[in-house]
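**Q** Per this note's numbering: the sequence shown = residues 7 to 181.
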Amino acid sequence: MAGIGHIAVGLACARAYSEDRTLRLKPALIFSALALWPDADALGFLLGVGYGESMGHRGATHSLAVGLFVVLGAYIFAQRRGLAPLRTAGYVAIATLSHCLLDTVTYGGGLGCALLWPLSDARFWSPVRFIPISPIGVAILSARGFKVMAAEVGIFLPLWLYALWPRRRRAPAAP
Ligand SMILES: [Zn+2]
Numbered sequence: 007m008a009g010i011g012h013i014a015v016g017l018a019c020a021r022a023y024s025e026d027r028t029l030r031l032k033p034a035l036i037f038s039a040l041a042l043w044p045d046a047d048a049l050g051f052l053l054g055v056g057y058g059e060s061m062g063h064r065g066a067t068h069s070l071a072v073g074l075f076v077v078l079g080a081y082i083f084a085q086r087r088g089l090a091p092l093r094t095a096g097y098v099a100i101a102t103l104s105h106c107l108l109d110t111v112t113y114g115g116g117l118g119c120a121l122l123w124p125l126s127d128a129r130f131w132s133p134v135r136f137i138p139i140s141p142i143g144v145a146i147l148s149a150r151g152f153k154v155m156a157a158e159v160g161i162f163l164p165l166w167l168y169a170l171w172p173r174r175r176r177a178p179a180a181p
């Protein structure tokens with residue numbers, strides 16, 4: 007994925023998480039980062055980490071164990087900050103764990119996700135795959151990369167609409 011779909015998930019989570027269902031900048035950035043962060047492992051390509059290694063792209067950061075660790079961290083953070091811990095952890099789970107699962111529905115090359123790391127380095131694909139895989143790094147700024155981005159805008163259109171559709175303001179209550 008080119009990341010467009012992951013951002014759509016993050017923005018939709020940010021809007022749903024807000025008390026009044028509006029999209030605010032800070033939660034939008036936080037949830038988008040939570041939905042995107044597993045792909046930080048692509049930096050491993052620059053450091054010589056092999057694609058198929060545990061710490062390679064779609065390896066450990068794309069596992070359910072690491073995702074659940076982030077969810078647990080969000081729960082503890084929310085508890086300490088006086089936020090609803092279960093609600094916060096639930097939305098963080100959607101943003102973070104959706105990344106691992108969405109990557110398994112991509113097609114067109116690459117490797118699946120190490121969902122069961124550290125128990126296994128096996129890479130998994132979904133039996134149904136409908137999102138084109140994206141070129142990695144600067145190659146994303148190619149004709150194929152833009153085509154994948156356009157496909158993700160279309161596939162995730164309902165989430166984009168939910169996240170960005172202007173919200174009707176309620177009329178002030180009569181005194
Ligand atoms: Zn990924």
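Cβ atoms here follow ideal geometry from the backbone N, Cα and C, with glycine treated the same way.
Looking at the structure shown, is threonine 112 part of a helix, part of a strand, or coil, going by DSSP?
**A** Threonine 112: strand per DSSP, three-state reduction.
**Q** Going residue by residue through the segment 29-74, where are the continuous alpha helix (DSSP H) segments of at least 4 residues, counting only ones entirely within it?
**A** Here the runs fully enclosed are 31-42.
**Q** Is phenylalanine 136 helix, strand or coil by DSSP?
**A** Coil.
**Q** So the alpha helix (DSSP H) alanine 128 belongs to, where does it begin and stop?
**A** Looking at the DSSP string, alanine 128 is not in any alpha helix (DSSP H), and its letter there is neither H nor E.
**Q** Can you find a heavy atom of ligand 1 that lies under 7 Å from the Cβ of arginine 64?
**A** Checking every heavy atom of ligand 1 against the Cβ of arginine 64, one is found closer than 7 Å.
**Q** Any heavy atom of ligand 1 closer than 7 Å to the CB of proline 44?
**A** For ligand 1, at least one heavy atom lies less than 7 Å from the Cβ of proline 44.
**Q** Give me the Cα-Cα distance between serine 132 and tryptophan 43, rounded to the nearest whole angstrom.
**A** Cα to Cα, serine 132 sits roughly 21 Å from tryptophan 43.
**Q** Between arginine 135 and the rest of its own chain, which residues show a CB-CB distance below 8 Å, the 5 nearest in sequence each way excluded?
**A** Correct list, in chain order: Thr110, Val111, Thr112, Tyr113.
**Q** Verify whether the separation of the beta carbon atoms of isoleucine 185 and methionine 155 is less than 8 Å.
**A** Absent from the model: residue 185. The displayed extent of the chain is 7 to 181, so no value can be given.
**Q** Could you compute how far the alpha carbon of threonine 102 sits from the alpha carbon of proline 164?
**A** Answer to the nearest angstrom: the Cα atoms are 19 Å apart.
**Q** Relative to ligand 1, is the shortest distance from any of its heavy atoms to the C-beta of aspartate 109 smaller than 7 Å?
**A** At least one heavy atom of ligand 1 is nearer than 7 Å to the Cβ of aspartate 109, so yes.
**Q** Shortest alpha-carbon distance to glycine 73 belongs to which of Gln85, Leu167, Leu52, Ala120?
**A** Glycine 73 has its Cα closest to that of Ala120, out of Gln85, Leu167, Leu52, Ala120.
**Q** Taking the alpha helix (DSSP H) that phenylalanine 152 belongs to, which residues open and close that run?
**A** Its alpha helix (DSSP H) spans residues 149-161.
**Q** My assumption, with CB atoms under 8 Å, is that alanine 8 sits in contact with glycine 118. Please give the rounded CB distance.
**A** No, alanine 8 and glycine 118 are not in contact; Cβ-Cβ is about 17 Å, not under 8 Å.
**Q** By DSSP's criteria, cysteine 119 is part of a beta bridge. Which residues make up the other side?
**A** DSSP, once it has assigned bridges, lists Phe130 as partnering cysteine 119.
**Q** Name the two residues that bound the continuous alpha helix (DSSP H) containing leucine 17.
**A** It spans 10-23 - the alpha helix (DSSP H) in which leucine 17 sits, taken as one unbroken run.
**Q** Rounded to the nearest angstrom, what separates glycine 54 and aspartate 47 at their Cα positions?
**A** Spanning the two alpha carbons is a distance of roughly 12 Å.
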